[in-house]
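Please read the structure below before turning to the comments.
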Amino acid sequence: MDQYSFPERADCVRQELLPNPLLKADGTLATKEEWPQQREYLKSMLEFYLYGHTPPGPYSTVSEVLDSKRIYSGAAIEETVKITVGQEAKVSFTATVKRLARQGPFPVIVCMGGEYKPGTTFYDYLLSIGVSAQEAKIYIPCPIEEELLERGYALAFCKVTELCPDANGSDAALSPLAKAYPGYDWKAIAMWSFGMSRTADYLEGCDWVDKTKLITMGGSRGGKVAMHSAIYDERFAVCAAAISGCGGAGNFRYLGGRMGRGLGQIESVRSITSKDLAYFFSDRLADFGKRDGWFDPGDECYLPFDLHTLRSLIAPRAIISTDGLDDVWCGAFGTQLSFHASQPVFNFLQADGKNAMRFREGGHYISESDWREVLAFCDNTFYGMNLPHEYVTKCFHNVHRIYFNNYFDYE
Numbered sequence: 377m378d379q380y381s382f383p384e385r386a387d388c389v390r391q392e393l394l395p396n397p398l399l400k401a402d403g404t405l406a407t408k409e410e411w412p413q414q415r416e417y418l419k420s421m422l423e424f425y426l427y428g429h430t431p432p433g434p435y436s437t438v439s440e441v442l443d444s445k446r447i448y449s450g451a452a453i454e455e456t457v458k459i460t461v462g463q464e465a466k467v468s469f470t471a472t473v474k475r476l477a478r479q480g481p482f483p484v485i486v487c488m489g490g491e492y493k494p495g496t497t498f499y500d501y502l503l504s505i506g507v508s509a510q511e512a513k514i515y516i517p518c519p520i521e522e523e524l525l526e527r528g529y530a531l532a533f534c535k536v537t538e539l540c541p542d543a544n545g546s547d548a549a550l551s552p553l554a555k556a557y558p559g560y561d562w563k564a565i566a567m568w569s570f571g572m573s574r575t576a577d578y579l580e581g582c583d584w585v586d587k588t589k590l591i592t593m594g595g596s597r598g599g600k601v602a603m604h605s606a607i608y609d610e611r612f613a614v615c616a617a618a619i620s621g622c623g624g625a626g627n628f629r630y631l632g633g634r635m636g637r638g639l640g641q642i643e644s645v646r647s648i649t650s651k652d653l654a655y656f657f658s659d660r661l662a663d664f665g666k667r668d669g670w671f672d673p674g675d676e677c678y679l680p681f682d683l684h685t686l687r688s689l690i691a692p693r694a695i696i697s698t699d700g701l702d703d704v705w706c707g708a709f710g711t712q713l714s715f716h717a718s719q720p721v722f723n724f725l726q727a728d729g730k731n732a733m734r735f736r737e738g739g740h741y742i743s744e745s746d747w748r749e750v751l752a753f754c755d756n757t758f759y760g761m762n763l764p765h766e767y768v769t770k771c772f773h774n775v776h777r778i779y780f781n782n783y784f785d786y787e
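Following my numbering, the numbering of the sequence shown begins with 377 at its first residue and continues without gaps.
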C-alpha cells in the first residue's frame with residue numbers, strides 16, 4: 377500500500393524533540409519545489425502509523441435529494457441528500473444541507489455531526505463525563521445556524537456514522553464501508569473523513585456552491601476527522617478543528633493543561649488506543665502508547681512525527697483550532713506547542729496568517745463563540761476582512777513563544 381518504507385516500533389529511533397516536517401527521508405531538508413513530494417511522504421507516513429490506508433479512487437459517488445423544504449420563514453432551504461459510493465458493493469449515508477434561498481455561490485462548512493441528540497451514544501457519553509445537558513446540546517447541530525446562513529455561509533452536516541458506527545468498542549473492520557472496500561486497514565477517523573470528501577463530491581456538482589471555499593469542521597472526534605479531511609482532500613480551503621486534542625491539534629509527546637506541561641488530566645496515545653476507542657486509529661498507533669509516567673514522554677518519542685505534522689500538511693491552506701482552557705481532553709499545552717512547531721512550515725510556504733489558534737474559557741464542547749471565531753477566520757481568509765482580534769501570535773500562560781521552541785530545534 378505504501379510508496380515508502382517505514383519501520384515498525386521496534387526499529388524506530390527515539391526523538392524527544394518534535395521532528396521537523398521539512399526533513400526528508402534522506403536526512404536533507406525539502407526545498408519549496410520539493411514540498412509537494414515531501415507532503416506525499418508525510419501523508420503516507422500518517423497512513424502507516426496513525427490512520428490506516430484509505431482505498432484509492434475513483435469512488436463513483438452518486439447523490440439524490442430526498443427532501444427539500446423552506447426554513448427560517450422561507451429565507452433558506454434545507455435539503456436531505458442521500459450520497460452513495462462504491463463500484464460493486466455500494467454504501468450510502470445522508471447529509472443535511474442548508475443554504476440561503478437566493479443565488480450563490482456560497483462557501484460551505486462541511487461537518488461531521490447532526491446525530492448528537494438525547495438518547496444517542498455520544499450525547500450520553502458527554503453527560504457521563506460531566507458535560508451539562510445545555511453544553512451537550514451545543515453539538516446539535518449549530519447554535520448560530522440562522523446567523524451563519526445570513527452571513528452568506530452554507531452548512532452540510534454529514535451523518536458519516538452511517539458508514540462506520542460510533543460507539544465504544546466498535547470494530548471498524550465490520551462497518552458497512554469496510555465491507556464495501558475490503559482489504560484496507562483504515563479505521564473510523566479515516567472512514568468518517570471519507571464521507572466528508574464524498575460530500576464534497578456532491579457539493580462540487582451544485583451551482584450554488586463556491587467550490588474554492590469549502591471548509592471542513594468538527595468537534596472532538598469530529599475535529600480529528602476535519603484535520604484528516606483537510607490533509608487528504610485539498611478541495612477544503614480551511615480546516616476548523618474544535619476541541620480535537622489527541623490525534624487532532626494536540627500533541628502526542630508533551631501533555632499538559634491550561635497551566636502548562638504536566639498539569640491536568642489529558643488524553644494520550646494510551647487512552648485514545650484503549651479497548652473502547654481502538655476503532656479510531658490504526659492498530660499500529662497503540663505500539664507507541666506506553667508512557668514512563670502520566671505526563672513524561674514515553675514510547676510516543678519513537679514516532680517519526682507528532683501532531684504538529686498534521687497542521688503543517690494543511691499549509692499553505694488555512695487552519696484554525698479552537699479549544700476550551702478547562703478542557704481535560706484537548707491538552708491546551710500540547711495544542712500550543714504543536715501550533716508553534718508547525719508555524720515554521722507556514723512561514724516556509726509564505727502562508728502568513730493561515731495558521732490560527734484560539735482558546736476560550738470552558739470545557740469540552742463547541743460554543744457559540746467557537747463558531748463565530750471560525751466565521752471570522754474564514755471571512756479573513758476568503759475576503760480579507762479584518763479579524764476581531766489577534767489569532768496567530770497570541771500565546772497563553774504569559775510566556776513567550778521561545779519557551780515552546782525548546783521542544784523543537786528548527787525555525
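Yeah, the Cβ is synthetic: ideal placement off N, Cα and C, and Gly gets one too.
(message) Tell me the rounded alpha-carbon separation between alanine 386 and tyrosine 425.
(response) 13 Å
(request) Whole angstroms is fine: what's the gap from valine 484's alpha carbon to tyrosine 557's? (result) 28 Å
(message) Between Val704, Leu763, Leu725, which has its C-alpha nearest methionine 733's C-alpha?
(response) Leu763
(message) Between the alpha carbons of histidine 773 and methionine 635, how many angstroms are there, rounded?
(response) Note on histidine 773: pLDDT 46, under 50, position unreliable in the model; the coordinate value appears next. Rounded to the nearest angstrom, the two C-alpha atoms are 6 Å apart.
(message) If I measure Cβ to Cβ from alanine 752 and keep anything under 7 Å in the same chain, skipping five residues before and after, which residues do I get?
(response) Leu763, Pro764
(message) Given a cut-off of 9 Å on the beta-carbon distance, is the pair asparagine 731 and serine 745 in contact?
(response) Against a cut-off of 9 Å, the Cβ pair of serine 745 and asparagine 731 comes out as no contact.
(request) Measure the alpha-carbon distance for glycine 403 versus glutamate 440 and round it to whole angstroms. (result) 49 Å
(message) Which of the three DSSP states is assigned to proline 483 in this structure?
(response) strand
(request) Would you mind reading off the limits of the beta strand (DSSP E) that contains threonine 430? (result) Threonine 430 -> no beta strand (DSSP E), and no H or E assigned at all.
(request) Kindly give me the distance between the Cβ atoms of alanine 618 and glycine 594, rounded to whole angstroms, as I take these residues to be in contact under 8 Å. (result) 7 Å
(message) Checking 9 Å against the spacing of the C-beta atoms, do proline 680 and tryptophan 584 come in under that value?
(response) no
(message) So, for leucine 639: in the same chain, excluding its five sequence neighbours on each side, which residues have a beta-carbon less than 7 Å away from its beta-carbon?
(response) Gly632, Gly633
(message) Tell me the rounded alpha-carbon separation between phenylalanine 735 and arginine 390.
(response) 31 Å
(request) Taking 8 Å as the threshold, find out whether the region 570-585 comes into contact with the region 606-613 through three or more Cβ pairs. (result) Output reads yes: the region 606-613 touches the region 570-585.
(message) If contacts are defined as beta-carbon pairs under 8 Å, then leucine 405 and leucine 399 qualify, I think. What distance do you get, rounded to the angstrom?
(response) By a beta-carbon distance limit of 8 Å, leucine 405 contacts leucine 399. Their separation comes to about 6 Å.
(request) Check each candidate in Pro412, Tyr380, Thr698 and name the one with the smallest Cα separation from alanine 691. (result) Pro412
(message) Quick check on this structure: which residue in Thr437, Asn781, Val601, Ala543 has the alpha carbon closest to the alpha carbon of serine 714?
(response) When only C-alpha atoms are compared, the closest one is Asn781.
(message) With a threshold of 6 Å on Cβ separation, who are the neighbours of asparagine 396 within its own chain once the five nearest residues in sequence on each side are excluded?
(response) Tyr786
(request) Just tell me which of Tyr529, Lys555, Arg646 has its CA closest to the CA of threonine 592. (result) Ranking the options by Cα distance to threonine 592, first place goes to Tyr529.
(message) Looking only at its chain, what residues have a beta carbon closer than 7 Å to the beta carbon of phenylalanine 664, apart from the 5 residues adjacent to it on each side?
(response) Result list for phenylalanine 664: Arg385, Val645, Asp675, Glu676, Tyr678, Leu679, in chain order.
(request) Please confirm if the region 540-556 is in contact with the region 459-479, defined as three or more CB-CB distances below 8 Å between the two stretches. (result) yes
(request) Measure the beta-carbon distance from alanine 807 to tyrosine 427 and round it to whole angstroms, keeping in mind my assumption that it falls under 8 Å. (result) Nothing about residue 807 can be read from this structure; the chain reaches only from 377 to 787.
(request) Write down every uninterrupted run of the beta strand (DSSP E) in the region 401-467 whose length is 3 residues or greater and which is fully enclosed by it, in chain order. (result) 438-447, 452-461
(request) Closer than 6 Å by C-beta to glutamate 455: which residues in its own chain qualify, once you throw out the five before and the five after it? Chain order, please. (result) Val441, Ser444, Val473
(message) Measuring only the C-alpha atoms, how far is arginine 415 from isoleucine 447?
(response) 42 Å
(request) May I have a chain-ordered list of the alpha helix (DSSP H) segments no shorter than 4 residues that lie completely inside the region 679-712? (result) 684-690
(message) Would you call the region 693-713 in contact with the region 612-629, where contact means no fewer than 3 C-beta pairs closer than 8 Å?
(response) yes
(request) Taking only the alpha-carbon atoms, compute the straight-line gap between tyrosine 779 and glycine 621 and give it to the nearest angstrom. (result) 21 Å
(message) I'd like the ranges of any beta strand (DSSP E) spanning at least 3 consecutive residues and lying wholly in the region 721-773.
(response) With a minimum length of 3 residues, the continuous beta strand (DSSP E) runs that stay inside the region 721-773 are 731-736.
(message) Once DSSP output is grouped into helix, strand and coil, what is the label at arginine 475?
(response) When DSSP states are grouped into helix, strand and coil, arginine 475 belongs to the strand group.
(message) What residue range does the alpha helix (DSSP H) around leucine 525 cover?
(response) Secondary structure note for leucine 525: its alpha helix (DSSP H) is the uninterrupted segment 521-526.
(message) Tell me the residue span of the alpha helix (DSSP H) that contains threonine 592.
(response) Per DSSP, threonine 592 belongs to no alpha helix (DSSP H); it is in the beta strand (DSSP E), 585-595.
(message) Looking only at its chain, what residues have a beta carbon closer than 6 Å to the beta carbon of cysteine 487, apart from the 5 residues adjacent to it on each side?
(response) Closer than 6 Å at the Cβ level, and outside the excluded window around cysteine 487, lie Phe533, Met593, Gly594.
(request) Within 10 angstroms of the Cβ of threonine 588, are there 16 or more other Cβ atoms? Answer buried if so, exposed if not. (result) exposed
(message) For a minimum of 3 consecutive residues, which ranges assigned as the beta strand (DSSP E) are wholly contained in the region 565-639?
(response) 585-595, 612-618
(request) Kindly indicate the opening and closing residues of the beta strand (DSSP E) around leucine 531. (result) Under the DSSP assignment, leucine 531 falls in the beta strand (DSSP E) whose first and last residues are 530-534.
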